[in-house]
Amino acid sequence: MAIEGVDIIRSAAFLGAGICMGLGAIGPGVGEGMAAAKACEAIGKNPKEAGLLTRTMLVGQAVTESTGIYSLVIALLLLFVV
Amino acid sequence: MTYDIATWVKVSAFIGSGLSMGFGAVGAAIGEGYTAAQANAALSRNPDSAGNIFKNMLVGQAVAESAAIFALVVAMILLFTEHRAETLSVYILISAGVCMGLGAIGSGIGAGYPAGEACFGISRQPAISDQLTTTMLIGSAVTQTSAIYALVTSLILLYADFFTRPFSPTWAAVIGAGLAAGLGAIGSGIGEGFVARAGCEGVARQPLSRAPVTNGMLLGMAVAETTAIYGLLIAVILLFKTFEPATSMAPCMALVAAGLCMGLGAVGPGIGEGFTGEGAVRWMARSPNEVAILTRSMLVGQAVSESTGIYSLVIALILIFVV
Numbered sequence: 029m030a031i032e033g034v035d036i037i038r039s040a041a042f043l044g045a046g047i048c049m050g051l052g053a054i055g056p057g058v059g060e061g062m063a064a065a066k067a068c069e070a071i072g073k074n075p076k077e078a079g080l081l082t083r084t085m086l087v088g089q090a091v092t093e094s095t096g097i098y099s100l101v102i103a104l105l106l107l108f109v110v
Numbered sequence: 078m079t080y081d082i083a084t085w086v087k088v089s090a091f092i093g094s095g096l097s098m099g100f101g102a103v104g105a106a107i108g109e110g111y112t113a114a115q116a117n118a119a120l121s122r123n124p125d126s127a128g129n130i131f132k133n134m135l136v137g138q139a140v141a142e143s144a145a146i147f148a149l150v151v152a153m154i155l156l157f158t159e160h161r162a163e164t165l166s167v168y169i170l171i172s173a174g175v176c177m178g179l180g181a182i183g184s185g186i187g188a189g190y191p192a193g194e195a196c197f198g199i200s201r202q203p204a205i206s207d208q209l210t211t212t213m214l215i216g217s218a219v220t221q222t223s224a225i226y227a228l229v230t231s232l233i234l235l236y237a238d239f240f241t242r243p244f245s246p247t248w249a250a251v252i253g254a255g256l257a258a259g260l261g262a263i264g265s266g267i268g269e270g271f272v273a274r275a276g277c278e279g280v281a282r283q284p285l286s287r288a289p290v291t292n293g294m295l296l297g298m299a300v301a302e303t304t305a306i307y308g309l310l311i312a313v314i315l316l317f318k319t320f321e322p323a324t325s326m327a328p329c330m331a332l333v334a335a336g337l338c339m340g341l342g343a344v345g346p347g348i349g350e351g352f353t354g355e356g357a358v359r360w361m362a363r364s365p366n367e368v369a370i371l372t373r374s375m376l377v378g379q380a381v382s383e384s385t386g387i388y389s390l391v392i393a394l395i396l397i398f399v400v
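Sequence order for the protein chains is A and B.
The working numbering numbers the first residue of the first sequence as 29 and each following residue consecutively.
The working numbering numbers the first residue of the second sequence as 78 and each following residue consecutively.
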């Protein structure tokens, strides 16, 4: 199996896409989980404020999600564009 | 330096068994250590219930040990059974070892948490010691499921016949499958352990709300399990899909990358959903009237945390089927 230059480049792109999305999914997963955990505890302490607490949780999680989206974009670029 | 293929197969079998038992011992040791630590704290709090606490600690540690036993079994199979002397065997043996080794980490750590919390709960409420042991066993048993997925994948790798398929890209498919199932089990195991810990703490705190707390615990653990199931799904697809013979490196790397992507991507959401379930279940015990809104909040929070796991699944499927 003779490996040509173009082939190695494609292989590296695929490997990069996989590693990028794989590692990139770890952080937002853990972080959004922690945010949701504290939100659930807060709702348990103060059920009347459930609406406000849920809204704040979702905004916080959206910001946390941003780096995961960056990883997704780079992975898709590596797969389909370069 | 060229050796014959039988030598390389032996080399890979030894490396695979070393990786399997090496990684596999890590998780169970951490989990059992946490259990022993909590048991000591419980004994100092309430020396009179020493008998029940000690018994509970040993039972809980036995369940956490089971993940390491799976890794030991795979290591023994790799060392002492005959393997076919072909190039593909090299990749199969290493992949099986890595898969079971990594897969045992999460479940070992995770099963230690409910065991420790149950011991502490017995010191608080000695009268319900049997109920606490039951809740602990339910929690730790579900935590072991991700290690079982890794064990199933390892056994399929070792005993299914891959030799009728073209060498390339099957070598990449087996490596990818091992990574997907092995890495994918880590996050779920740890996360479900967190949820089970909160379940045992809740039952100890409020024995009358045992039913809603146990239900909430099982629901939270089920959602945390989903990313391990994605890992198993990608592994099964890689193992059983028929690929066309690949003449270049790129399709092979795509399959390895798919396994790596789903495996790593399952770690974060598994742990995060575990945190979420832990917070929700802890408060389900303290406010039994608010179980409905707590369940809703837990599910919404876990769904957002799941999102990056879904992205990893999509990229892995694209790598397998589209490129």
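Heads up, the beta-carbon is just placed ideally off N, CA and C, and yes, glycines get one too.
CB-CB length for residue i against residue j, believed under 8 Å
i	j	result
N129 of chain B	S206 of chain B	4 Å
V300 of chain B	E350 of chain B	6 Å
G279 of chain B	A362 of chain B	3 Å
Q221 of chain B	A144 of chain B	6 Å
G354 of chain B	G264 of chain B	That pair is no contact at about 13 Å.
G340 of chain B	G308 of chain B	6 Å
G193 of chain B	L155 of chain B	Actually they are not in contact, since the Cβ atoms of G193 of chain B and L155 of chain B sit about 32 Å apart, beyond 8 Å.
V103 of chain B	I182 of chain B	6 Å
A254 of chain B	G336 of chain B	6 Å
S39 of chain A	M330 of chain B	4 Å
A139 of chain B	C196 of chain B	At roughly 13 Å, the Cβ-Cβ gap does not stay under 8 Å, so A139 of chain B and C196 of chain B are not in contact.
G46 of chain A	L396 of chain B	6 Å
L371 of chain B	I97 of chain A	At roughly 29 Å, the Cβ-Cβ gap does not stay under 8 Å, so L371 of chain B and I97 of chain A are not in contact.
L106 of chain A	G44 of chain A	5 Å
C338 of chain B	G57 of chain A	Actually they do not touch by this definition, with Cβ atoms about 14 Å apart.
Partner residues on chain B for residue i, Cβ-Cβ distance less than 7 Å
i	result
L100 of chain A	Y388
R83 of chain A	Per Cβ cutoff of 7 Å: no residues; R83 of chain A is ~11 Å from chain B at best.
Cross-chain neighbours of residue i in chain A, by beta carbon under 8 Å
i	result
Q63 of chain B	An answer regarding residue 63 of chain B cannot be provided, because it is not within the stretch 78 to 400 covered by chain B.
A335 of chain B	G46
R363 of chain B	G72
S223 of chain B	Simply none; closest approach about 15 Å.
S286 of chain B	Ordered by position in chain A, no residue passes the 8 Å Cβ test against S286 of chain B, which lies about 13 Å from the chain.
E367 of chain B	I71, G72, P75
Beta-carbon spacing of residue i, residue j below 9 Å
i	j	result
A227 of chain B	M177 of chain B	yes
I225 of chain B	F147 of chain B	yes
L209 of chain B	C277 of chain B	yes
A90 of chain A	C48 of chain A	no
C68 of chain A	G259 of chain B	no
T95 of chain A	G55 of chain A	yes
A152 of chain B	M213 of chain B	no
A65 of chain A	F352 of chain B	yes
P284 of chain B	P365 of chain B	no
L315 of chain B	A250 of chain B	yes
V219 of chain B	E109 of chain B	no
I82 of chain B	T164 of chain B	yes
A188 of chain B	A105 of chain B	yes
A262 of chain B	S184 of chain B	yes
M298 of chain B	G378 of chain B	no
S389 of chain B	A63 of chain A	no
I306 of chain B	I186 of chain B	no
Proximal residues of chain B, C-beta to C-beta of residue i below 9 Å
i	result
G57 of chain A	G264, T304, G342, A343, V344, G345, P346, G347, I348, G349, E350, S382, E383, S384, T385, G386
G79 of chain A	Those do not exist, as G79 of chain A stays about 10 Å from chain B at its closest Cβ, beyond 9 Å.
Beta-carbon neighbours of residue i, restricted to chain A and to distances below 7 Å
i	result
G356 of chain B	A65, K66, C68, E69
I395 of chain B	L107
A331 of chain B	F42
R359 of chain B	E69
I370 of chain B	I71, P75, A78
T353 of chain B	G61, A64, A65, C68
M326 of chain B	I31, D35, I36, S39
V400 of chain B	F42, L107
Residues that residue i contacts on chain B, provided the C-beta gap is smaller than 8 Å
i	result
E93 of chain A	V381, S384, T385
Cα-Cα separation between residue i and residue j, rounded to whole angstroms
i	j	result
V86 of chain B	S166 of chain B	6 Å
T247 of chain B	T230 of chain B	15 Å
P243 of chain B	G95 of chain B	28 Å
V88 of chain B	T304 of chain B	33 Å
F271 of chain B	Y190 of chain B	6 Å
F100 of chain B	L80 of chain A	44 Å
L86 of chain A	A380 of chain B	11 Å
F108 of chain A	E60 of chain A	29 Å
T324 of chain B	T92 of chain A	42 Å
V110 of chain A	I392 of chain B	16 Å
A118 of chain B	T291 of chain B	24 Å
L235 of chain B	S245 of chain B	18 Å
G88 of chain A	H160 of chain B	53 Å
The ligand MN heavy atom lying under 8 Å from the CB of residue i
i	result
L341 of chain B	You won't find the ligand MN in this model; it holds no ligand whatsoever.
Residue i: contacting residues in chain A (beta-carbon distance under 9 Å)
i	result
A113 of chain B	Neighbours of A113 of chain B on chain A: none; closest Cβ ~26 Å, over 9 Å.
A250 of chain B	By Cβ distance, chain A contributes nothing, its closest Cβ being about 14 Å from A250 of chain B, past 9 Å.
Next on the checklist: Going residue by residue through the region 274-300 of chain B, where are the continuous beta strand (DSSP E) segments of at least 3 residues, counting only ones entirely within it?
Outcome noted: none
Next on the checklist: Give the list of continuous beta strand (DSSP E) stretches no shorter than 3 residues that lie fully inside the region 242-274 of chain B.
Outcome noted: none
Item to check | Segments of 4+ residues assigned as alpha helix (DSSP H) that fall wholly inside the region 315-377 of chain B | outcome: 326-342, 344-363
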